[in-house]
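S.K.: Residue numbers (numbering that gives the first Met the number 0): 0 to 404.
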Amino acid sequence: MKDIFHGLISSDSIFKNKEVLRPSYVPDILPHREKQIRELASILAPALKGETPSNVFIYGKTGTGKTAVAKFIGKKLMEKGKELGVNTNFVYINCEIVDTQYRVLQNVANHFIKVWEERVPFTGWPTDEVYSRLIQAIDRTKGVAVIVLDEVDKLKGDEVLYNLSRLNYDLNHARTSIIGISNDLKFTEFLDPRVKSSLGQENMVFPPYSADELCDILGERAKHAFKEGVVEDNVIPLCAALAAQEHGDARRALDLLRVSAEIAERNGEKKVTERHVRMAENKIELDRLKEVVKTLPIQSKAVLMAVIIGEKYYDGLTTGEVYNIYRDICKIGGINILTQRRVADLISELDMLGIINARVVSKGRYGRTREIEISAPMKIKEVLEKDESIPDLSNYKPPLQSRLL
DNA sequence: CCTCCACCGGAACTTACGGAGT
DNA sequence: ACTCCGTAAGTTCCGGTGGAGG
Numbered sequence: 000m001k002d003i004f005h006g007l008i009s010s011d012s013i014f015k016n017k018e019v020l021r022p023s024y025v026p027d028i029l030p031h032r033e034k035q036i037r038e039l040a041s042i043l044a045p046a047l048k049g050e051t052p053s054n055v056f057i058y059g060k061t062g063t064g065k066t067a068v069a070k071f072i073g074k075k076l077m078e079k080g081k082e083l084g085v086n087t088n089f090v091y092i093n094c095e096i097v098d099t100q101y102r103v104l105q106n107v108a109n110h111f112i113k114v115w116e117e118r119v120p121f122t123g124w125p126t127d128e129v130y131s132r133l134i135q136a137i138d139r140t141k142g143v144a145v146i147v148l149d150e151v152d153k154l155k156g157d158e159v160l161y162n163l164s165r166l167n168y169d170l171n172h173a174r175t176s177i178i179g180i181s182n183d184l185k186f187t188e189f190l191d192p193r194v195k196s197s198l199g200q201e202n203m204v205f206p207p208y209s210a211d212e213l214c215d216i217l218g219e220r221a222k223h224a225f226k227e228g229v230v231e232d233n234v235i236p237l238c239a240a241l242a243a244q245e246h247g248d249a250r251r252a253l254d255l256l257r258v259s260a261e262i263a264e265r266n267g268e269k270k271v272t273e274r275h276v277r278m279a280e281n282k283i284e285l286d287r288l289k290e291v292v293k294t295l296p297i298q299s300k301a302v303l304m305a306v307i308i309g310e311k312y313y314d315g316l317t318t319g320e321v322y323n324i325y326r327d328i329c330k331i332g333g334i335n336i337l338t339q340r341r342v343a344d345l346i347s348e349l350d351m352l353g354i355i356n357a358r359v360v361s362k363g364r365y366g367r368t369r370e371i372e373i374s375a376p377m378k379i380k381e382v383l384e385k386d387e388s389i390p391d392l393s394n395y396k397p398p399l400q401s402r403l404l
């Protein structure tokens, strides 16, 4: 027992630097994004000459390098600014985490206010007070500020955008540029026209990566992440091909590669092979499933549990049968009972999430209903049984029906 | 060909709740 | 502290329907 960690730590790892494979890592080289980098740079360049740069909107699906390019540019801009003696600031905000008007303004403002000065508190100030502090703070820099709003569609209300977009009108000595990043192409359609025109001065679309491009990206990262010769030749093309099937998501490709290598390492193997990639594919899918199930609302969990139980007792499980079992589960667990109409919707939602398969079939005289199937019932059952909101059902038997098996 | 089951699925309505304004 | 929206979740009501069995 003394050495339980031996072989887990000291085993000569196949990784050189695993961090490189994490999605948050910003590499020095971004293959196949040279065009976008140049374009964004040319939009922001006037800033270094003391002119006002345009605001930019960046679209693109997940894992197309939007965030990486934005952060990369930010880094380069800071470097160039220092070189030219221009005061440049780069603020990155993820609107999925910082999602209200007040907190965005607070975050941006505090970026410009030194730690020892009076910072904007988490709560308490009127919003316009925060705004005027922000103006003061930015103006004082007499330089250029680039503010990146990642996942900007997650923002609650478009007033922040309006306020930020008119920053330049209120500034006397400094200049700002807002970069909005979104994976929803239709996002601006629902925006206030004033915001739309001032923020959408420039638009950029990041296309998905092709399999070949993903190969280059993975290859580039693998050079830094792994030791020499531990990854077999066909591994990277396979990861790239699998990710390209989805929608050219680089994040997914990197995850595949990383998880494959982790599996190989844990098995104490010296090389990452195609087999590990297949295992990784399964593991990622299963992890996703487990995560989705875990974060489901209680009602959906109860419905899902009913499906798992019903699937064992009935052949061609129908909505009505699921509903009966669901009602019993709710009674046992003291959960609110919803109407069948609502439960039918929950079943559709579970179907959308890919946890179950529900298709409408007609059984003639015996009505028209959904036939419900479930993938990986045992794994999902495991997750649900650990859930304290779902009661213990080990002694439960579904109601007897004529077509009970 | 007609009937009629057991649901589907649209629509309008009711709570419930959180943020914004005052 | 209070009111006033906007949104999400859920309910009520109901017309619609594919096809086995008569």
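Note that CB positions come from ideal geometry on N, CA and C, so glycine has one too.
As a quick exercise: from R118, N167, G62, pick the residue whose alpha carbon is nearest that of A252.
M.R.: Of the candidates R118, N167, G62, the one whose C-alpha sits nearest the C-alpha of A252 is G62.
S.K.: Applying the criterion that 16 or more other CB atoms from any shown protein chain within 10 Å of the CB defines a buried residue, is H275 buried or exposed?
M.R.: Counting Cβ neighbours within 10 Å, H275 comes out buried, since at least 16 surround it.
S.K.: State the Cα-Cα distance for the pair T368 and I324, rounded to the nearest angstrom.
M.R.: Going by the C-alpha atoms only, they are around 16 angstroms apart.
S.K.: State yes or no: is the C-beta of S388 within less than 8 angstroms of the C-beta of I297?
M.R.: Going by C-beta atoms, S388 is nearer than 8 angstroms to I297.
S.K.: In the DSSP output, which residue or residues are listed as bridge partners for N88?
M.R.: Looking at the DSSP assignment, N88 forms a beta bridge with A144.
S.K.: Quick one: Cα of L403 to Cα of D350, how far?
M.R.: A caution first: L403 carries a pLDDT of 40, below 50, which makes its placement in the model unreliable, though a value can still be read off. Computed Cα separation, rounded: 24 angstroms.
S.K.: Is the distance from the Cβ of N86 to the Cβ of T140 below 8 angstroms?
M.R.: Yes, they are a contact pair.
S.K.: What residue ranges within the stretch 321 to 367 form continuous beta strand (DSSP E) runs of no fewer than 3 residues, ordered along the chain?
M.R.: Counting only runs of 3 or more, we get 355 to 361.
S.K.: In the stretch 182 to 265, which residue ranges form an unbroken beta strand (DSSP E) of at least 3 residues, counting only runs that do not cross its ends?
M.R.: Qualifying beta strand (DSSP E) stretches, in chain order: 201 to 205.
S.K.: From the DSSP output, in three-state form, read off D286 for me.
M.R.: Three-state DSSP puts D286 in a helix.
S.K.: Out of curiosity, what's the CA-to-CA distance linking G332 and A301?
M.R.: Taking the straight line joining both Cα atoms gives about 9 angstroms.
S.K.: Taking a contact to mean a Cβ-Cβ separation below 8 angstroms, would you say I134 touches A144 in this structure?
M.R.: No, they are not a contact pair.
S.K.: Touch check for the stretch 206 to 213 and the stretch 227 to 245: three-plus C-beta pairs under 8 angstroms?
M.R.: Because the criterion of three Cβ pairs below 8 angstroms is met, the stretch 206 to 213 and the stretch 227 to 245 touch.
S.K.: What does the alpha-carbon distance come out to for the pair L316 and T294?
M.R.: Cα to Cα, the separation comes out at about 25 angstroms.
S.K.: Could you compute how far the alpha carbon of H412 sits from the alpha carbon of F71?
M.R.: The question about residue 412 has no answer, for the chain in this structure spans 0 to 404.
S.K.: So, using beta-carbon positions, are V271 and V229 closer together than 8 angstroms?
M.R.: In this structure, V229 lies closer than 8 angstroms to V271 by Cβ.
S.K.: Can you list, in chain order, the residues of its chain with a C-beta nearer than 6 angstroms to that of V90? Leave out the 5 residues immediately preceding and following it.
M.R.: Cβ neighbours of V90 beyond the five flanking positions: V107, H110, I146.
S.K.: Report the rounded CA-to-CA distance for E95 versus K60, giving the unit in angstroms.
M.R.: Roughly 16 angstroms between the two C-alpha positions.
S.K.: Could you check which residue in E290, E320, R340 has the C-alpha nearest to that of D386?
M.R.: Considering only alpha carbons, the answer is E290.
S.K.: Would you say I235 and C214 are within 8 angstroms of each other, going by their C-beta atoms?
M.R.: Yes, Cβ-Cβ distance for I235 and C214 is below 8 angstroms.
S.K.: Let me know if L83 comes out buried or exposed under the rule of 16 or more other beta-carbons within 10 Å of its beta-carbon.
M.R.: Classification for L83: exposed.
S.K.: Excluding the five sequence neighbours on either side, which residues of its own chain have a C-beta within less than 6 angstroms of the C-beta of N182, listed in chain order?
M.R.: Contacts found: K60, T61.
S.K.: Rounded to whole angstroms, what is the Cα-Cα separation between V321 and E384?
M.R.: Their Cα atoms are separated by approximately 18 angstroms.
S.K.: DSSP has Y24 in a bridge; who is on the other side?
M.R.: Answer by DSSP bridge pairing: none, since Y24 is not bridged.
S.K.: For D149, tell me which candidate among A44, I92, R193 has the shortest Cα-Cα distance.
M.R.: Out of A44, I92, R193, I92 has the C-alpha closest to the C-alpha of D149.
S.K.: So if DSSP puts R37 in a beta bridge, which residue, or which two residues, is it bridged to?
M.R.: R37 is not bridged to any residue.
S.K.: Are the Cβ atoms of I334 and I355 separated by less than 8 angstroms?
M.R.: Their beta carbons are not under 8 angstroms apart, which means I334 does not touch I355 by this criterion.
S.K.: Quick check on DSSP: helix, strand or coil for L404?
M.R.: Caution applies to L404, whose pLDDT of 38 falls short of 50 and renders its modelled position unreliable; the value that the coordinates give is listed next. Residue state, collapsed to three classes: coil.
S.K.: My understanding is that I373 touches I307, with C-beta atoms under 8 angstroms, so please give their C-beta distance in whole angstroms.
M.R.: I373 to I307, Cβ: 6 angstroms. Contact.
S.K.: Suppose contacts are defined by Cβ-Cβ distances below 8 angstroms. Is L20 in contact with R220 by that definition?
M.R.: Yes; because the gap between Cβ atoms is below 8 angstroms, this pair is in contact.
S.K.: Mapping DSSP to helix, strand and coil, what is V97?
M.R.: Of the three classes helix, strand and coil, the one that applies to V97 here is coil, per DSSP.
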